[in-house]
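Beneath this line is the structure, given in structure tokens, with notes to follow.
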Amino acid sequence: MAKLRFFLLDITYKVIDGVPFVYLFGRGLDNKQLCVVDDTFRPYFWIVPNNIEEVKKELDRLKENNSIIEYQISNKNYLGEETEAIKVFTNQPKDVPSVRNELKNLDSVKSINEYDIHYINRYLIDKNITPLGLLEAEGDFIESRIKVPVFKAETISKFSEDTFNNLNILAFDIETYNPYGKYLAPEQNPVIMLSFYGKSTANAKHQPGVSPKPFEKVITWKKFKTSNKKIEFVEGEAELIQKFIDTIDMFKPDILVGYFSDGFDLPYIKKRAEKYKLDLNIGLDNSGIEVLKTKTKLTGIVHVDIFKFILKVIGRSFDTESYSLNSVARELLGEGKQDVDIEKLADVWDNKLEDLEKYCDYNLQDSYLTYEICQKMLPNLIELVKMIGLPMFDINRMGFSRLVEWYLIRQSINLNFLCPNKPHYAEIGKRRLASFKGGFVYEPKPGLYKDLVVYDYKSLYPTIISSHNISPDTLNCQCCQDEAETIKVDGLSQHQSKTGDGTNLEKMRGGVSEHFDNKSYWFCQKNKGFIPSVIEDIITRRERIKEIIKKEKHNPILEARSGGLKLLANSMYGYYGFFGARWYSIECAKSVTAYGRKYINMVIDEAKKEGFNPVYGDTDSIFITLDGKDKKDIDRFAEKINLELPKLMELEYEGFYPKGIFVSAKTGSSGAKKKYALLSDKDVIKIKGFETVRRNWSSIAKEVQLKVLEIVLKEGNKEKAMDYVKSVITDLKNKKVPLDKVTIQTQLQKDVDEYDNIAPHVAVALRMKKKGLLVGPGTLVKYIVRQGKEKISDRARLPDEIGEDEYDADYYINNQILPSVEKIFELLGFEKDDILETEQSKLGKFFK
113 MAKLRFFLLD ITYKVIDGVP FVYLFGRGLD NKQLCVVDDT FRPYFWIVPN NIEEVKKELD
173 RLKENNSIIE YQISNKNYLG EETEAIKVFT NQPKDVPSVR NELKNLDSVK SINEYDIHYI
233 NRYLIDKNIT PLGLLEAEGD FIESRIKVPV FKAETISKFS EDTFNNLNIL AFDIETYNPY
293 GKYLAPEQNP VIMLSFYGKS TANAKHQPGV SPKPFEKVIT WKKFKTSNKK IEFVEGEAEL
353 IQKFIDTIDM FKPDILVGYF SDGFDLPYIK KRAEKYKLDL NIGLDNSGIE VLKTKTKLTG
413 IVHVDIFKFI LKVIGRSFDT ESYSLNSVAR ELLGEGKQDV DIEKLADVWD NKLEDLEKYC
473 DYNLQDSYLT YEICQKMLPN LIELVKMIGL PMFDINRMGF SRLVEWYLIR QSINLNFLCP
533 NKPHYAEIGK RRLASFKGGF VYEPKPGLYK DLVVYDYKSL YPTIISSHNI SPDTLNCQCC
593 QDEAETIKVD GLSQHQSKTG DGTNLEKMRG GVSEHFDNKS YWFCQKNKGF IPSVIEDIIT
653 RRERIKEIIK KEKHNPILEA RSGGLKLLAN SMYGYYGFFG ARWYSIECAK SVTAYGRKYI
713 NMVIDEAKKE GFNPVYGDTD SIFITLDGKD KKDIDRFAEK INLELPKLME LEYEGFYPKG
773 IFVSAKTGSS GAKKKYALLS DKDVIKIKGF ETVRRNWSSI AKEVQLKVLE IVLKEGNKEK
833 AMDYVKSVIT DLKNKKVPLD KVTIQTQLQK DVDEYDNIAP HVAVALRMKK KGLLVGPGTL
893 VKYIVRQGKE KISDRARLPD EIGEDEYDAD YYINNQILPS VEKIFELLGF EKDDILETEQ
953 SKLGKFFK
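Numbering-wise, the sequence shown is residues 113 to 960 according to the working numbering.
Here's what the structure looks like:
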């Protein structure tokens, strides 16, 4: 037998003659593509028995019928207790649910676990294999009809911690014939342009510091005069699609990346290929494009829809309001799309061939931006693949809760724990009804403040979970009932935590509280819980990495690793309360927030005792004014507090702000939660919660609010702020404000037909739908309110449906400009009706 070392890139399985074969696609040490096949791994699940002998009898019967292959008895940790469990092996993955259904209702069976773990994920976990990692296989090369050499493995295992970073990435983008604007009709409208951008690393080993020459190509099938060698002409759409296949075969990408390619590019290409009966054999096994409900898959090539990763994971940290390719590219790369009117492409295609070249440039620029965004996001993707241990295709499309869950699953199995099952539909319905009191907010007194010091709570909720051992398997344990610290919880619901099969977790643990109608919980003091152990490991690993980063300065890989660990730790609390979670525990979620309120109040009380003035506090930070004290005094206070806080929890200095403003809530006299603007000691304004950082407001309203905040905080000149607002109102009345500044954009949260109340953006979305435009959850609807006496919803129009002087100035003054600044001017002594007046005064006396 020969030995083969290779980096794993993609993985799938096929059942051949009743046997599951795992196909591991990757690159060898010579950088050549290959496939390793393994037929030695059998699917299985676990049974926790009530009566082990009775279960064995039933399994023997199933074995005689060839429904199962064999079973083994092992000791496992189940919900914090050691127990005997039975590992049941089946012939094929599809046999797991059918055998489980035969056994699940037996009195001798307590529970059936891990039947819902996908066969490939089970393979990766049990083999301790991580995608992108270096593996070693023993076996021999065999004959095969697929595109790459095939190695039949007798054994396969992880070889080292090395990671494959020399990924060959190819970005692509299509443009379609669109006579009705953005209307999508793949059954009738052809693909008229296709572009690629990449830098091939496939044919030679990458030389450090040397960037490969870009591969840039646009393929189209209407000819025009051009000297641009990047443009290639073909005879028709069928040949264009064939070029798509041929280019991928030639480039041999490890990653094929698009932007919204799950929902548009690849499904569209597949539909058009069907028209011509073309064999889209893009996969390395000669398979085609597999279009599933929310994702589109290739075999052997990782399809990355980088839009999905930004939407679900990374985008929350962006400043941009939109996740469009143009907006994301401008934030990440500092450059955007070509400035052309894409809705005129059909007219140009039909009538103005001389203008087609700029659309080719536009198409190629989209591929270039997609490639560069992918490169920017790649360290984050790679580090999450390494942490979670699943293929990049899956990580690309996972939200926070799924990332956390799969991290826990791998950790759980490695620690010999049995995983709880996913909840069934009825259980999810019950969990959705559960509610609890959230994080504490110390409401600010509205006003302008001087000399603010801000401290952040370092991972408050993760450190609470770890420090207080908050976990479903430690909740209300019998061993610590009389001695453990209890935490009182407010706002309890009557819902009980259950496993995926609906079994009451507390009853199974033997705890004293079966109905959870008490108002205090305790957590085991003697045995560390599963999830607290996991979180403590994450926190300590991240601290080590942060120390290395301080020394090495800019290190994208370590920064991505630190960010991934932070994401996992901070998502764990939300996971406890997530209705679809395996380790769901409403009691744990309530306890975490209760401890959070306790510590935030403790810090506020101690600050007051020390003579400081706490202005605002929440689960992220505390804001304190110095009130005549100096920086050394506040540092000593923070050091004292950190000695009193539990292990891993501490206050971290975030910054000093010479001035800050907290406005009142919409109703009442108290300050608005998480709504403030601060001027840093570096003369930079930090804004939270104001319209300037929110969607659903016109850019003119945001612009006015930001300018007023700048004048108030930087210059302290209320007269100048008032004059500025007056000038904008005058411009609105005189219709001097351009349409793009009065355009409002709002994202649809569900299908337009599901809305009961027709808000302006819903009304416009319905108009879009009537025009044949594609609208649905996530669509960003842009509209302008025109003049008229009808309801606002009836006057909302698409930007291209309205003239420069047709917008309703009064609407924008009363519903956009005034609401964006009136709370700020209230602090300066003005009421809403006074905003258009000018009073002589300086701002200094208003600072407290």
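For every residue, glycine included, the Cβ atom is placed at its ideal position computed from N, Cα and C.
Remember, predicted model here, so these are calculated numbers, not experimental data.
Three-way DSSP call (helix, strand, coil) for residue i in this model
i, result
"M305", "strand"
"K382", "helix"
"N616", "Its pLDDT being 44, under 50, N616 is placed unreliably in this model, and the value from its coordinates should be taken loosely. Reduced to three states, the DSSP call for N616 is strand."
"S439", "helix"
"R673", "helix"
"C147", "strand"
"V416", "strand"
"V262", "strand"
"H627", "Low confidence applies to H627: its pLDDT is 39, below 50, so where it sits in the model is not reliable, and the reading given next is rough at best. H627 falls in the coil class under three-state DSSP."
"F724", "coil"
"Y554", "strand"
"V887", "coil"
"E326", "With the sequence shown as reference, residue 326 is identified as Pro, and Glu is not the correct amino acid for it. Here P326 sits in strand by DSSP."
"V897", "strand"
"I123", "strand"
Heavy atom of the ligand GDP within 7 Å of residue i beta-carbon
i, result
"R656", "The model on display carries no ligand, and the ligand GDP is accordingly not part of it."
Separation of residue j from residue i, as counted between CA atoms
i, j, result
"D945", "N926", "11 Å"
"R879", "I904", "14 Å"
"V840", "P911", "21 Å"
"D793", "D563", "10 Å"
"S513", "I422", "15 Å"
"E402", "I746", "60 Å"
"T195", "E866", "48 Å"
"S733", "Y190", "38 Å"
"K759", "D568", "16 Å"
"M684", "K663", "29 Å"
With 16 other Cβ atoms within 10 Å as the buried cut-off, status of residue i
i, result
"R257", "exposed"
"L476", "buried"
"F253", "exposed"
"S547", "exposed"
"D219", "exposed"
"P850", "exposed"
"V887", "buried"
"Y537", "exposed"
"K389", "exposed"
"T950", "Because the pLDDT of T950 is 41, which lies under 50, any placement of that residue in the model is unreliable, and the number read from its coordinates should be weighed accordingly. Looking at its Cβ environment, which holds fewer than 16 other Cβ atoms inside 10 Å, T950 is exposed."
"Q928", "buried"
"N163", "exposed"
"T731", "buried"
"L120", "buried"
"T737", "buried"
Residue i versus the options, residue with shortest Cα-Cα distance
i, options, result
"L146", "S339, P574, L247", "L247"
"M761", "D374, Y769, K665, S578", "S578"
"G708", "I422, K549, R544, L116", "K549"
"I418", "I426, T411, G412", "I426"
"Y573", "A706, G245, K862", "A706"
"R154", "R234, V167, G138", "R234"
"K341", "V330, K334, E351, G348", "V330"
"F372", "A283, A596, S323", "A283"
"I643", "R656, E655, Y696, N667", "Y696"
"L444", "C486, K407, T411", "C486"
"D391", "D238, F356, S312", "F356"
"V727", "E766, Y788, L755, S674", "Y788"
"I286", "E299, D274, F308", "F308"
"K814", "K826, K800, E827", "K800"
"G130", "R694, S323, N178", "N178"
> Taking three-plus beta-carbon pairs below 8 Å as touching, is the region 155-163 in contact with the region 197-206?
Replying inline: yes
>> Three Cβ pairs or more, each shorter than 8 Å: is that satisfied between the region 462-478 and the region 444-453?
In response: yes
> Using 8 Å as the Cβ pair cut-off and three pairs as the minimum, do the region 219-229 and the region 489-508 touch?
Replying inline: no
>> Any contact between the region 590-601 and the region 629-644? By contact I mean 3 or more CB pairs, one from each, below 8 Å.
In response: yes
> Should the region 893-904 be called in touch with the region 856-872, which here means at least 3 C-beta pairs below 8 Å?
Replying inline: yes
> Would the region 405-420 and the region 351-367 be scored as touching if the rule is three or more Cβ pairs under 8 Å?
Replying inline: yes
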